[in-house]
Amino acid sequence: MFSLFFRGLATGSIYSLTAVGIVLILSTTNVMNFAQGDMGMILAFIAFVLLMSKMPYIVAVIVIIIIGIILGYFLEKGIMSRIRKTSHIAMVMITLALTMIFEGIVGIFVQTPLLFPAAIPGPPVILKGVVMDRQDLLSLGAALFVVTTLFLALYRTKIGIASRSLAEDEYAAKLMGIPVKNIYIFIWSTSFGLAGLAGIMVAPRLSLEPTFMVVVQLKAFIAAVLGGMNSVVGAVIGGLLLGVIENFVSFYIPQIKDSFSLILVVIVLLFLPQGLFGKKETRRA
Amino acid sequence: MLLKIDGLRSSYGPIEVLHDVSIDANSAEVVSILGSNGAGKSTLLKVISGILTPTKGSISIEGIIINGFEPSKIVKMGIIHVPEGRHIFPGLTVKENLLLGGYFENTENNKKSMDFVLSTFPILKDRLNERAGMLSGGEQQMLALGRGLMGKPKLLLLDEPSLGLAPKITSEIFQIILDLSKQKKMGVLLVEQNAKKALEISDRGYVLVNGKIALSGRSKDLKSNPEVQKLYLGGKNV
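Protein sequences, first through last, are from chains P and V. Counting from 1, position 56 in the first sequence corresponds to residue 56 in our numbering; the numbering is continuous, with no gaps. In our numbering, each number is its position in the second sequence, counted from 1, plus 285.
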């Protein structure tokens, strides 16, 4: 029972890591970023190459996050900032295009699924009868670390508060003198840095192939919906919750294992459109 | 001279909105810009704050020409624009709204400014941690003004601060604007449809008609000008 719960939390933490990136971008730029998962995929692939060339694991993780940050910078600076004024939907389409480009690029090199090494190899940790995989513990820890850091950044620092203001009223943010262009770069970079972390956490559990993040991306969307689409804390809790519920469902009712999360999202949107933790859009006229 | 605008032209696409506008404003002076809808009043403010760029002419602040500067650079120079319709951040708390007004100031300065803003608008004090969208219209206008003050303006650009407010609250806010201007030696460029109230608190005024300055002068004189009375003051003797 506890093992089932823990295993669900661990799976959920993977959804959370991707969901946080999606929500971060959505809640500040109003762009639904379809490329979050596949950005993680291509970064995990680069990590694989680095690890194979004997780079220490921790260094590879840091390098990957930095590459993610740089890619985020270029995406915002080179593409998004140019089309923001012209077409909002084009920005969404570009994220969709990126998924195909990334999958295509990795597809050139990876024909058969690769086995991604675990960060901390070794036998599972057993605590009071609950079997805990080391990789699971790590990704759970990473998810909790990320949400705490992001929460503090978004609610306690100037650049974080400014990021949130951008989603509400870009014009007013400009009038405050907030360097809007830099904030967008900050958001995309942070989000893609997180994508790298997510990719590297997921890869050892699945196998490395061009489409291994597609399911995670889908589940992360659902987690984000559960969490209300506009709160990073909600996204993480949504992800963990989804992981746990899913794990129980697939254990007791394995027939609906795959369709379950989609049914769940329909139910949530019907009855709790703000998500479980999203802020209600109440305001006075 | 705090603000000097010379021969300013500005367009939205191919349509020129401001034709050869020249105005100026000093420190501790309230200058009102009157005019009907579409006369180009808001455009004028947007050009000063760098949201729009002028096609011709010059804008200078204390002798420095600021044409084409990024809005953030203009804010840093102490030119703060409080826009029409308030544009507060509804989902952020009152406190966060205020803090963003002092984006370029350090924590210590912001603390001082916030104390000052809260003593000017005590009503905001009890609501610091509430989301700004929950405030009433008048409170939101006070927040928008307070947020502007957090940037320590030398020149405050106020766009329709009376919009949608009860007359009593409008008078209250206008009195505060006047006091602040004199007390903080702050120049105020006040764009208003409520010409009567604007002329009451301003030292000088300009009347903008179809993107051109049609009249200018001391507020006292404008108030008794028959044309202004007919067009903007409802035709009665005020």
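Each residue gets a CB set at the ideal place from its N, CA and C atoms; glycine is no exception.
Using only the alpha-carbon positions, how far apart do residue i and residue j sit?
{"i": "residue 34(P)", "j": "residue 92(P)", "result": "7 Å"}
{"i": "residue 403(V)", "j": "residue 430(V)", "result": "11 Å"}
{"i": "residue 384(V)", "j": "residue 183(P)", "result": "16 Å"}
{"i": "residue 348(V)", "j": "residue 191(P)", "result": "43 Å"}
{"i": "residue 19(P)", "j": "residue 502(V)", "result": "60 Å"}
{"i": "residue 423(V)", "j": "residue 455(V)", "result": "8 Å"}
{"i": "residue 334(V)", "j": "residue 175(P)", "result": "7 Å"}
{"i": "residue 253(P)", "j": "residue 226(P)", "result": "21 Å"}
{"i": "residue 302(V)", "j": "residue 497(V)", "result": "9 Å"}
{"i": "residue 388(V)", "j": "residue 476(V)", "result": "25 Å"}
{"i": "residue 249(P)", "j": "residue 162(P)", "result": "41 Å"}
{"i": "residue 236(P)", "j": "residue 65(P)", "result": "19 Å"}
{"i": "residue 71(P)", "j": "residue 194(P)", "result": "12 Å"}
{"i": "residue 315(V)", "j": "residue 462(V)", "result": "9 Å"}
{"i": "residue 109(P)", "j": "residue 63(P)", "result": "21 Å"}
{"i": "residue 305(V)", "j": "residue 329(V)", "result": "11 Å"}
{"i": "residue 297(V)", "j": "residue 444(V)", "result": "19 Å"}
{"i": "residue 505(V)", "j": "residue 318(V)", "result": "14 Å"}
{"i": "residue 486(V)", "j": "residue 413(V)", "result": "30 Å"}
{"i": "residue 121(P)", "j": "residue 56(P)", "result": "13 Å"}
{"i": "residue 216(P)", "j": "residue 206(P)", "result": "10 Å"}
{"i": "residue 338(V)", "j": "residue 511(V)", "result": "35 Å"}
{"i": "residue 410(V)", "j": "residue 90(P)", "result": "43 Å"}
{"i": "residue 81(P)", "j": "residue 257(P)", "result": "41 Å"}
{"i": "residue 167(P)", "j": "residue 514(V)", "result": "43 Å"}
{"i": "residue 148(P)", "j": "residue 211(P)", "result": "29 Å"}
{"i": "residue 263(P)", "j": "residue 222(P)", "result": "10 Å"}
Measuring alpha carbon to alpha carbon, tell me which residue in the options is nearest residue i.
{"i": "residue 416(V)", "options": "462(V), 360(V), 335(V) and 373(V)", "result": "373(V)"}
{"i": "residue 60(P)", "options": "258(P), 82(P), 112(P) and 48(P)", "result": "48(P)"}
{"i": "residue 246(P)", "options": "36(P), 259(P) and 235(P)", "result": "259(P)"}
{"i": "residue 483(V)", "options": "501(V), 447(V) and 494(V)", "result": "447(V)"}
{"i": "residue 359(V)", "options": "469(V), 444(V) and 438(V)", "result": "438(V)"}
{"i": "residue 224(P)", "options": "79(P), 211(P), 117(P) and 243(P)", "result": "243(P)"}
{"i": "residue 231(P)", "options": "11(P), 5(P), 15(P) and 26(P)", "result": "26(P)"}
{"i": "residue 251(V)", "options": "393(V), 487(V), 516(V) and 506(V)", "result": "What is shown of chain V runs 286 to 523, which leaves residue 251(V) out entirely."}
{"i": "residue 369(V)", "options": "471(V), 453(V), 306(V) and 331(V)", "result": "331(V)"}
{"i": "residue 310(V)", "options": "300(V), 288(V) and 303(V)", "result": "288(V)"}
{"i": "residue 209(P)", "options": "263(P), 41(P), 152(P) and 272(P)", "result": "41(P)"}
{"i": "residue 355(V)", "options": "178(P), 118(P) and 54(P)", "result": "178(P)"}
{"i": "residue 189(P)", "options": "75(P), 10(P) and 54(P)", "result": "75(P)"}
{"i": "residue 362(V)", "options": "486(V), 300(V) and 471(V)", "result": "471(V)"}
{"i": "residue 382(V)", "options": "30(P), 159(P) and 186(P)", "result": "159(P)"}
{"i": "residue 46(P)", "options": "255(P), 240(P) and 199(P)", "result": "199(P)"}
{"i": "residue 186(P)", "options": "69(P), 234(P), 213(P) and 196(P)", "result": "69(P)"}
{"i": "residue 391(V)", "options": "118(P), 264(P) and 157(P)", "result": "157(P)"}
{"i": "residue 379(V)", "options": "514(V), 419(V), 511(V) and 468(V)", "result": "419(V)"}
{"i": "residue 21(P)", "options": "148(P), 10(P) and 36(P)", "result": "36(P)"}
{"i": "residue 480(V)", "options": "467(V), 313(V) and 320(V)", "result": "320(V)"}
{"i": "residue 376(V)", "options": "165(P), 117(P) and 101(P)", "result": "165(P)"}
{"i": "residue 116(P)", "options": "43(P), 228(P), 9(P) and 271(P)", "result": "43(P)"}
{"i": "residue 353(V)", "options": "393(V), 322(V) and 295(V)", "result": "295(V)"}
Do residue j and residue i count as a contact pair if the criterion is CB distance below 8 Å?
{"i": "residue 274(P)", "j": "residue 204(P)", "result": "no"}
{"i": "residue 398(V)", "j": "residue 427(V)", "result": "no"}
{"i": "residue 98(P)", "j": "residue 169(P)", "result": "no"}
{"i": "residue 326(V)", "j": "residue 292(V)", "result": "no"}
{"i": "residue 261(P)", "j": "residue 201(P)", "result": "no"}
{"i": "residue 73(P)", "j": "residue 220(P)", "result": "no"}
{"i": "residue 441(V)", "j": "residue 492(V)", "result": "no"}
{"i": "residue 67(P)", "j": "residue 234(P)", "result": "no"}
{"i": "residue 131(P)", "j": "residue 13(P)", "result": "no"}
{"i": "residue 94(P)", "j": "residue 79(P)", "result": "yes"}
{"i": "residue 449(V)", "j": "residue 365(V)", "result": "no"}
{"i": "residue 276(P)", "j": "residue 238(P)", "result": "yes"}
{"i": "residue 344(V)", "j": "residue 350(V)", "result": "yes"}
{"i": "residue 371(V)", "j": "residue 425(V)", "result": "yes"}
With DSSP as the reference, please indicate the residues paired to residue i in a beta bridge.
{"i": "residue 502(V)", "result": "490(V)"}
{"i": "residue 297(V)", "result": "300(V)"}
{"i": "residue 310(V)", "result": "288(V)"}
{"i": "residue 366(V)", "result": "442(V)"}
{"i": "residue 132(P)", "result": "125(P)"}
Does the beta carbon of residue i fall short of 7 Å from some heavy atom of the ligand ZN?
{"i": "residue 241(P)", "result": "Absence of the ligand ZN is noted for the structure shown, with no ligands found whatsoever."}
Interfacial residues, the region 174 to 198 of chain P to chain V, with Cβ spacing under 7 Å:
Correct list: 174, 175, 176, 177, 178 and 179.
Quick one, which residues of the region 331 to 360 of chain V are near chain P if we go by CB-CB under 7 Å, in chain order?
Answer set for the region 331 to 360 of chain V: 334, 336, 356, 357 and 360.
Which residues, taken in chain order from the region 79 to 100 of chain P, show a beta carbon closer than 9 Å to some beta carbon of chain V?
Listed by position, the residues of the region 79 to 100 of chain P near chain V (Cβ gap below 9 Å) amount to none.
Could you please tell me which residues of the region 155 to 172 of chain P, in chain order, have their CB closer than 7 Å to any CB of chain V?
Along the region 155 to 172 of chain P, going in chain order, the ones with a CB nearer than 7 Å to a CB of chain V are 158, 161, 162, 164, 165, 168, 169, 171 and 172.
Along the region 374 to 398 of chain V, where does the CB come closer than 7 Å to a CB of chain P? Name the residues.
Taking 7 Å as the cut-off between beta carbons, the residues of the region 374 to 398 of chain V near chain P are 374, 375, 376, 377, 381, 384, 385, 386, 388 and 389, in sequence order.
For the region 435 to 448 of chain V, which residues have a beta carbon sitting closer than 8 Å to at least one beta carbon of chain P?
So the close ones are 436.
Got a sec: which bits of the region 294 to 311 of chain V sit with their beta carbon under 7 Å from any beta carbon on chain P, in order along the chain?
From the region 294 to 311 of chain V, no residue has a Cβ closer than 7 Å to chain P.
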